[in-house]
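Each position in the sequence shown, counted from 1, maps to that position plus 223 in this note's numbering. The next block holds one structure in the form of structure tokens; read it before the comments.
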Amino acid sequence: MSLPPSRASIDDATTKGELSSFDDSTFHRPSSQFTRSIALKKISPSLSPQYEDQQSHSHSKQCHHRHSGDENDTPHRSRHVSLLHKFITNWLVMDPNLLDNTDKPHVKNYQKVENSKYVFFLGGRLHTIKSRNPISIITLALIIAPGVLFIIFEASWQWHHVSAAVTMMFIYLWLVNISLFLKLATGDSGRLPKNLHMPKKITRRQPSADEVAEVDGKVQWEVEDPPSEYFNTLTLPYNNEKHHGIQVKYCTTCHVWRPSRTSHCGICDICVLNHDHHCIFLNNCIGQRNYKYFLWFLLVTVINCLYLIVVSVIQLCFYRIGDTDIHDMRHSIRKHPVALLIVVYSVLAFVYPFLLLLFHAFLTSQNITTREYLNYVYKQKKGNFVNVYRRELLKNWYVNWWGKSSGVGLTFPLDVYRDGDVRYQTIEPLKTFE
Ligand SMILES: [Zn+2]
Ligand SMILES: [Zn+2]
């Protein structure tokens with residue numbers, strides 16, 4: 224009879240790299256987490272060949288969950304799935320929840336993320352959060368649209384009447400802007416691995432009457448007897464007695480002790496280092512590994528808007544200085560209507576990124592995150608909060624805008640998955656005392 228794994232044994236196995244001893248069937252997976260977005264349900268049955276192949280594996284219990292509601296689809300269609308189809312659904316765009324990796328010898332970490340909130344692209348190199356909210360797609364379209372208009376209608380005029388450099392410079396700025404957006408929307412924000420610091424005991428339990436059908440004979444384990452400090456905020460000492468020290472907390476969902484300035488993002492369902500905020504326009508968190516790029520994204524967006532305004536105004540007013548048959552502004556607008564459209568668009572698009580840029584210029588001057596600012600500075604006006612990370616103004620700006628290394632990622636989605644690696648499994652969150 225196998226014994227339940229203890230925290231010590233997991234730590235030991237993790238440090239030695241002997242994770243294969245840890246059986247992934249020992250964890251209870253809450254059924255609610257199997258819910259997926261409607262959009263993904265629609266594509267799943269026909270687009271994921273491996274998913275369909277599961278039907279022949281009677282031992283695969285997860286299939287019952289995954290196939291519920293999809294019975295009307297033809298079961299044998301995927302057996303003749305084309306290579307192109309596989310390429311699109313397993314490499315180009317991939318949802319780990321829809322894959323069955325039981326028989327595959329070399330599964331990558333990203334393919335084993337249980338109850339994943341992410342969709343992966345390009346073989347796990349990029350990812351984004353599953354969401355029905357299209358706001359990040361709209362944001363990308365709003366960045367691309369004025370550039371396309373400029374290139375189609377204005378670039379040639381600028382090239383011949385002002386300078387070729389105007390067009391080339393714009394295209395450069397525009398591409399930088401798009402690249403930064405894609406990096407922020409699909410990159411690592413500074414995610415911490417899950418389940419690094421497990422509670423004392425993981426014990427076997429009998430499933431309740433309601434759960435019997437749902438768990439389908441699978442062994443149920445639950446975490447038990449966590450030390451009380453797991454539910455408290457610990458204050459690490461700081462050398463000034465008048466002020467608070469540095470507070471650290473245990474994340475009961477991720478089962479990790481959070482380093483300072485780390486917090487849990489409910490939307491990404493992960494703890495993020497140096498968490499600034501979750502950006503709905505990028506559909507990703509802003510944290511340790513992408514804050515610098517976020518700042519530059521705001522700056523480049525603002526510069527891009529100003530650039531478009533200036534070159535379009537020059538185009539509209541060119542009749543005053545250049546050799547042209549246009550005599551007044553009305554005539555000029557009739558001749559270059561897209562230039563006017565771009566001016567109006569850019570003025571409107573300029574406002575929000577500019578205000579955000581000013582706010583972050585202020586925050587980085589103090590070396591404080593948005594989260595800290597809202598939690599402490601705004602609420603605690605009595606002066607009993609000290610920002611222990613604050614240095615001189617130029618140093619603060621330097622570390623945030625230029626010097627801060629995004630560092631090495633702590634999660635390695637492209638590594639080959641080692642059987643039983645707890646970091647990719649879903650373990651019930653600890654329950655607070657009730
Ligand atoms: Zn967490
Ligand atoms: Zn987030």
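For each residue, glycine too, the CB sits at the ideal point set by N, CA and C. These numbers come from a predicted model, not from an experiment.
For residue i and residue j, what's the separation of their Cα atoms in angstroms?
{"i": "residue 642", "j": "residue 334", "result": "12 angstroms"}
{"i": "residue 287", "j": "residue 532", "result": "Annotation note: pLDDT 39 at residue 287 (below 50); position unreliable, no value reported."}
{"i": "residue 526", "j": "residue 536", "result": "15 angstroms"}
{"i": "residue 509", "j": "residue 336", "result": "21 angstroms"}
{"i": "residue 414", "j": "residue 379", "result": "45 angstroms"}
{"i": "residue 544", "j": "residue 584", "result": "38 angstroms"}
{"i": "residue 494", "j": "residue 626", "result": "23 angstroms"}
{"i": "residue 361", "j": "residue 403", "result": "16 angstroms"}
{"i": "residue 364", "j": "residue 351", "result": "17 angstroms"}
{"i": "residue 368", "j": "residue 534", "result": "17 angstroms"}
{"i": "residue 638", "j": "residue 401", "result": "28 angstroms"}
{"i": "residue 266", "j": "residue 343", "result": "Because residue 266 carries a pLDDT of 30, less than 50, the predicted location of this residue cannot be relied on, and the following value inherits that uncertainty. The straight-line gap from Cα to Cα measures roughly 15 angstroms."}
{"i": "residue 391", "j": "residue 497", "result": "37 angstroms"}
{"i": "residue 259", "j": "residue 318", "result": "Its pLDDT being 31, under 50, residue 259 is placed unreliably in this model, and the coordinates cannot settle the point."}
{"i": "residue 273", "j": "residue 322", "result": "Caution is warranted here: a pLDDT of 34 is assigned to residue 273, below 50, making its placement in the model unreliable, and no coordinate value can be reported."}
{"i": "residue 590", "j": "residue 622", "result": "8 angstroms"}
{"i": "residue 432", "j": "residue 654", "result": "21 angstroms"}
{"i": "residue 460", "j": "residue 471", "result": "11 angstroms"}
{"i": "residue 386", "j": "residue 397", "result": "17 angstroms"}
{"i": "residue 453", "j": "residue 347", "result": "33 angstroms"}
{"i": "residue 618", "j": "residue 592", "result": "15 angstroms"}
{"i": "residue 457", "j": "residue 395", "result": "48 angstroms"}
{"i": "residue 600", "j": "residue 610", "result": "9 angstroms"}
{"i": "residue 616", "j": "residue 633", "result": "30 angstroms"}
{"i": "residue 481", "j": "residue 650", "result": "17 angstroms"}
{"i": "residue 561", "j": "residue 580", "result": "28 angstroms"}
{"i": "residue 566", "j": "residue 399", "result": "21 angstroms"}
{"i": "residue 389", "j": "residue 571", "result": "22 angstroms"}
{"i": "residue 455", "j": "residue 469", "result": "14 angstroms"}
{"i": "residue 582", "j": "residue 645", "result": "40 angstroms"}
{"i": "residue 381", "j": "residue 357", "result": "34 angstroms"}
{"i": "residue 309", "j": "residue 648", "result": "25 angstroms"}
{"i": "residue 596", "j": "residue 330", "result": "42 angstroms"}
{"i": "residue 624", "j": "residue 412", "result": "16 angstroms"}
{"i": "residue 353", "j": "residue 307", "result": "23 angstroms"}
{"i": "residue 311", "j": "residue 305", "result": "10 angstroms"}
Are the Cβ atoms of residue i and residue j separated by less than 8 angstroms?
{"i": "residue 486", "j": "residue 613", "result": "no"}
{"i": "residue 320", "j": "residue 339", "result": "yes"}
{"i": "residue 530", "j": "residue 376", "result": "no"}
{"i": "residue 476", "j": "residue 636", "result": "no"}
{"i": "residue 588", "j": "residue 620", "result": "yes"}
{"i": "residue 332", "j": "residue 410", "result": "no"}
{"i": "residue 491", "j": "residue 478", "result": "no"}
{"i": "residue 539", "j": "residue 563", "result": "yes"}
{"i": "residue 406", "j": "residue 473", "result": "no"}
{"i": "residue 349", "j": "residue 315", "result": "no"}
{"i": "residue 451", "j": "residue 408", "result": "no"}
Among the options, which one has its Cα closest to the Cα of residue i?
{"i": "residue 328", "options": "649, 640 and 650", "result": "640"}
{"i": "residue 541", "options": "384, 409, 305 and 499", "result": "384"}
{"i": "residue 355", "options": "645, 341, 345 and 315", "result": "341"}
{"i": "residue 631", "options": "311, 511, 408 and 310", "result": "511"}
{"i": "residue 598", "options": "306, 499 and 582", "result": "499"}
{"i": "residue 366", "options": "582, 528, 644 and 624", "result": "528"}
Check the Cβ-Cβ distances between residue i and every residue of chain D, and say whether any is below 8 angstroms.
{"i": "residue 550", "result": "The question asks about chain D, but that chain is absent: this structure has only one protein chain."}
Practice prompt. Run through the region 467 to 533 for me and flag every whole alpha helix (DSSP H) of 4 or more residues, listed as ranges in chain order.
Written response: none
Worksheet item: Any contact of the region 545 to 560 with the region 498 to 509, i.e. 3+ C-beta pairs under 8 angstroms?
Response: Taking 8 angstroms as the limit for Cβ pairs, the verdict is that the region 498 to 509 does not touch the region 545 to 560.
Practice prompt. Examine the Cβ distances between the region 476 to 493 and the region 372 to 383 and report whether three or more of them are shorter than 8 angstroms.
Written response: no
Item to complete: Mind the definition here: the region 405 to 420 touches the region 536 to 550 only if three or more C-beta pairs lie below 8 angstroms; say whether that holds.
Response: no
Worksheet item: Between the region 512 to 529 and the region 568 to 576, do at least 3 Cβ pairs fall closer than 8 angstroms?
Response: Touching, yes.
Discussion item. List, from N- to C-terminal side, the alpha helix (DSSP H) runs of 4 residues or more that fit wholly inside the region 376 to 419.
Written reply: 378 to 384 and 387 to 409
Fill in: Complete beta strand (DSSP E) runs within the region 528 to 585 (minimum length 3 residues, chain order)
none
Discussion item. Quick check on the DSSP output: what are the complete beta strand (DSSP E) runs of length 3 or more inside the region 337 to 362, in order along the chain?
Written reply: Runs of the beta strand (DSSP E) inside the region 337 to 362: 341 to 344 and 349 to 352.
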